[in-house]
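Chains A and B supply the protein sequences, listed in that same order.
The UniProt record's numbering applies: residue 1 is where the first sequence begins, and numbers increase by one.
The UniProt record's numbering applies: residue 1 is where the second sequence begins, and numbers increase by one.
Taking it in order: structure first as structure tokens, then the write-up.
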Amino acid sequence: MTIEWAWISDHAGDLTTLTLSHLQAALTAVLLGLLISLPLAVLAHRVRPLRGFLLGLSNVLFTIPSIAVFVLLLPVSGLTRTTTVIGLTIYTLVVLLRNTVEGLDSVPAKAREAAIAMGTRPLRTLLTVELPLALPVIMAGVRIATVMSISLVSVATYIGDGGLGQLFTDGFQRNFPTPVVVGVVLTLLLALVADALLVAVQYVLTPWTRQRHPKSGKA
Amino acid sequence: MIKFDAVNKRFPNGTTAVHDLTLEMPEGGITVLVGSSGCGKTTTLRMINRMVDPTSGTIRLGGKDVLEQDAAELRRGIGYVIQQSGLFPHRTVLDNIATVPLLLGWGRKKARARAAELLETVGLTAEAGKRYPHQLSGGQQQRVGVARALAADPPVLLMDEPFGAVDPVVRTQLQDELIRLQRELNKTIAFVTHDIDEAVRLGDRIAVFRTGGHLVQCAAPAELLARPADDFVADFLGAERELKLLSLTTLAEVPLQRATTVREDAPAPPAGSGPLLVVSARNEPLGWLDPSGTDAAPLTPVRPLRDTDTLLAALNESIASPAGLIARVDADGVLTGVTSREAIHEHAGRRHQEAARAAVSLTEATALSKTPGGTV
């Protein structure tokens with residue numbers, strides 16, 4: 001198996017387009033997943049009976065094979081980017097919903113109680129106390145969902161989308177390994193860079209988790 | 001003033017947390033709610049700021065029914081301190097303290113300035129304000145909790161076992177600080193604890209609760225200790241309740257006697273005389289000398305007491321002192337005289353009888369005023 005470097009430089013423009021399209025599909029899915037998960041997680045966290053139902057539902061959705069999801073969506077949204085994004089979003093839900101509920105569970109009861117007892121209204125308590133404190137656990141879910149979505153975009157090649165996944169079918173049909181190798185390497189790089197960026201975002205957003213060791217000495 | 005009138009609280013699972021509670025918490029005083037766990041003291045406290053709503057009865061704060069007020073707005077006017085401080089882990093100490101001012105719309109700059117001021121009030125450095133709560137010791141966190149409750153200068157403070165999670169030495173310091181603060185601020189404070197010693201130290205009035213949410217007795221500490229209403233209260237106060245009473249009285253009224261002293265640089269006194277108090281050139285007590293002992297006998301240490309010290313401390317010192325005498329000094333540490341163990345005892349006994357008598361007359365007055373159709 002040899003890599004034809006010339007092919008890569010000849011197709012640099014296409015590769016950039018595919019990479020950006022790949023990234024766009026994955027990120028849109030994660031963002032949509034978050035927008036859906038947040039209210040559902042708050043609901044699942046507040047209303048105990050709903051918790052099992054919602055988490056169970058997201059698990060069931062996760063077990064549907066990805067190709068089946070795309071096929072089922074065809075009558076609704078056809079061979080479009082929308083189908084890709086909807087499919088991917090469904091898969092992010094299982095991680096994002098569970099982690100957001102667990103994140104809200106991890107908020108110290110005393111902090112929540114103090115917020116309410118000092119006259120913070122429920123929405124403000126959620127936005128300024130509960131969600132910030134749940135952030136480390138939520139971000140862990142976002143990282144998994146992002147990496148998972150980036151690797152999953154390729155499956156949408158079956159419906160004519162699929163970002164870098166198109167390189168796999170191209171190489172396979174022509175029995176030409178270079179695009180396949182390039183596709184794998186670019187997908188991996190994309191996942192690594194996205195994850196590193198998310199780690200950086202979390203670092204910036206959670207300054208209180210940085211210094212774990214209290215400085216001793218009485219103030 | 002906080003006024004409970006025939007308040008009941010039953011939880012949906014059928015347990016009664018508070019039973020027919022009628023109680024007044026006087027303005028500018030500390031009312032301590034005390035009792036073993038599950039006696040309803042915390043529920044009582046939480047009904048004041050509507051963290052719990054009563055099943056029946058009314059609670060008035062400054063004359064207004066709390067149930068008729070918006071819960072969030074009501075709470076912003078009531079300071080709240082809980083065990084393990086309940087600080088927000090994701091906010092700096094300064095921002096924690098600024099919470100209520102920000103909710104009240106003071107603006108960030110003014111709220112932070114107020115927070116910085118309070119940091120000093122509770123004995124923390126400006127540097128501590130930049131830290132996160134987990135970087136402080138338990139005692140420091142508790143101070144921040146108090147500062148946060150005081151931020152918007154509310155007239156009422158609710159404190160739910162605020163010093164329960166810190167070690168005894170720090171707890172005593174925090175109690176002293178609270179007493180000092182209260183002298184300046186004169187807040188109406190409701191304070192929950194299961195520690196009777198804490199209740200006696202801090203309370204202007206103590207309300208003793210029994211399991212099932214029954215208020216058994218509410219009285220000033222001295223009355224409570226001198227005349228517990230029943231065996232339950234007596235048991236709760238413990239076997240040393242008479243000694244606790246001594247901790248409420250200072251030495252000030254106990255008479256002084258002239259001291260037999262000897263200067264530290266004076267020649268050794270003849271053997272056979274009683275114990276002598278050795279003093280410095282400035283007349284500060286240094287120790288007891290027992291001339292009947294050997295020449296080289298070291299001085300027995302003395303712990304001079306001031307008028308502000310308690311009778312309990314005096315009794316304690318008199319036990320350790322060789323002649324049963326305590327050395328008393330003025331604010332500068334200069335000897336003013338001595339007091340004998342007997343004098344302390346006698347004063348303690350009189351104090352106890354006074355407290356008991358005061359309690360009786362109060363009980364009678366209440367009984368009379370409650371007589372149906374009574375014209376008193």
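Built from N, CA and C at the ideal position, the CB exists for glycine as well.
Residue range of the beta strand (DSSP E) that includes residue i
{"i": "B:Phe4", "result": "2-10"}
{"i": "B:Ile189", "result": "188-193"}
{"i": "B:Thr249", "result": "Counting along the chain, B:Thr249 falls outside any beta strand (DSSP E), and DSSP gives it neither H nor E."}
{"i": "B:Gly123", "result": "Per DSSP, B:Gly123 belongs to no beta strand (DSSP E) and is neither H nor E."}
{"i": "B:Glu24", "result": "16-25"}
{"i": "B:Thr336", "result": "335-340"}
{"i": "B:Ala327", "result": "325-329"}
Residue i: contacting residues in chain A (beta-carbon distance under 8 Å)
{"i": "B:Met51", "result": "Glu113, Ile116, Ala117"}
{"i": "B:Gln84", "result": "Lys110"}
{"i": "B:Arg341", "result": "Residues of chain A passing the Cβ test: none, with the nearest at roughly 39 Å."}
{"i": "residue 381 of chain B", "result": "The question about residue 381 of chain B has no answer, for chain B in this structure spans 1 to 376."}
{"i": "B:Arg76", "result": "Met118, Gly119"}
{"i": "B:Leu181", "result": "Neighbours of B:Leu181 on chain A: none; closest Cβ ~18 Å, over 8 Å."}
{"i": "B:Leu61", "result": "None at all; the shortest Cβ gap to chain A is about 14 Å."}
For residue i, the residue or residues it bridges with in DSSP
{"i": "B:His214", "result": "B:Arg210"}
{"i": "A:Ile150", "result": "According to DSSP, which records beta bridges pairwise, A:Ile150 is partnered with nothing at all."}
{"i": "B:Ala219", "result": "B:Ile206"}
{"i": "B:Pro301", "result": "B:Gly287"}
{"i": "B:Tyr80", "result": "B:Leu158"}
{"i": "B:Val262", "result": "B:Val278"}
{"i": "B:Ile30", "result": "B:Ile189"}
{"i": "B:Thr310", "result": "B:Thr250"}
{"i": "B:Arg60", "result": "B:Lys3, B:Asp65"}
{"i": "B:Gln257", "result": "B:Val338"}
Beta carbon of residue i nearer than 8 Å to that of residue j
{"i": "B:Asp309", "j": "B:Thr260", "result": "no"}
{"i": "B:Ser321", "j": "B:Ile344", "result": "no"}
{"i": "B:Ala355", "j": "B:Glu242", "result": "no"}
{"i": "A:Thr28", "j": "A:Val71", "result": "no"}
{"i": "B:Arg75", "j": "B:Asn49", "result": "yes"}
{"i": "A:Thr146", "j": "A:Ala194", "result": "yes"}
{"i": "A:Gly87", "j": "A:Ser66", "result": "yes"}
{"i": "B:Ala220", "j": "B:Arg205", "result": "yes"}
{"i": "B:Val52", "j": "B:Lys9", "result": "yes"}
{"i": "B:Gly86", "j": "B:Ala149", "result": "no"}
{"i": "B:Phe236", "j": "B:Ile196", "result": "yes"}
{"i": "A:Ala41", "j": "A:Leu50", "result": "no"}
{"i": "B:Leu312", "j": "B:Leu299", "result": "no"}
{"i": "B:Leu118", "j": "B:Ala151", "result": "yes"}
{"i": "B:Leu23", "j": "B:Ala323", "result": "no"}
{"i": "A:Leu93", "j": "A:Ile138", "result": "no"}
{"i": "B:Gly139", "j": "B:Gln173", "result": "yes"}
{"i": "A:Gly165", "j": "A:Val181", "result": "no"}
{"i": "A:Val107", "j": "A:Ala134", "result": "yes"}
Chain A residues whose Cβ lies nearer than 7 Å to that of residue i
{"i": "B:Thr99", "result": "Met118"}
{"i": "B:Arg210", "result": "The premise fails here: B:Arg210 is roughly 26 Å from chain A at the closest Cβ pair, so nothing lies under 7 Å."}
{"i": "B:Leu150", "result": "Simply none; closest approach about 12 Å."}
Neighbour list for residue i in chain B, Cβ cutoff strictly below 9 Å
{"i": "A:Leu133", "result": "Phe88, Pro89, His90"}
{"i": "A:Pro49", "result": "Those within 9 Å of A:Pro49 in chain B number zero; the least Cβ separation is about 16 Å."}
Residue interval of the alpha helix (DSSP H) (run including residue i)
{"i": "A:Trp5", "result": "5-10"}
{"i": "B:Ile179", "result": "168-185"}
{"i": "B:Asp53", "result": "B:Asp53 -> no alpha helix (DSSP H), and no H or E assigned at all."}
{"i": "A:Leu127", "result": "A:Leu127 -> no alpha helix (DSSP H), and no H or E assigned at all."}
{"i": "A:Ile67", "result": "66-77"}
{"i": "B:Arg143", "result": "138-150"}
{"i": "A:Pro49", "result": "48-63"}
{"i": "A:Ile116", "result": "109-117"}
{"i": "B:Asp235", "result": "231-237"}
{"i": "A:Gly165", "result": "165-173"}
{"i": "B:Ser96", "result": "A small fix is needed here, since residue 96 of chain B is Asn in this sequence, not Ser. Per DSSP, B:Asn96 belongs to the alpha helix (DSSP H) from 93-97."}
{"i": "A:Ala191", "result": "177-205"}
{"i": "A:Tyr91", "result": "81-105"}
Interface residues of chain B facing residue i [CB-CB closer than 8 Å]
{"i": "A:Arg121", "result": "Ala72"}
Within chain B, partners of residue i - CB distance below 7 Å
{"i": "A:Val129", "result": "Phe88"}
{"i": "A:Trp208", "result": "Pro89, His90, Tyr132"}
CB-CB length for residue i against residue j, believed under 8 Å
{"i": "B:Pro285", "j": "B:Val254", "result": "B:Pro285 to B:Val254, Cβ: 17 Å. No contact."}
{"i": "B:Cys39", "j": "B:Phe209", "result": "4 Å"}
{"i": "B:Gly57", "j": "B:Phe4", "result": "7 Å"}
{"i": "A:Ala26", "j": "A:Ile150", "result": "5 Å"}
{"i": "B:Leu33", "j": "B:Leu158", "result": "Between B:Leu158 and B:Leu33 the Cβ distance is about 10 Å, and since that is not below 8 Å, they are no contact."}
Closer than 9 Å at the beta carbon, the chain A residues around residue i
{"i": "B:Leu251", "result": "Near B:Leu251 there are no residues of chain A at all, since even the closest Cβ is about 31 Å away, more than 9 Å."}
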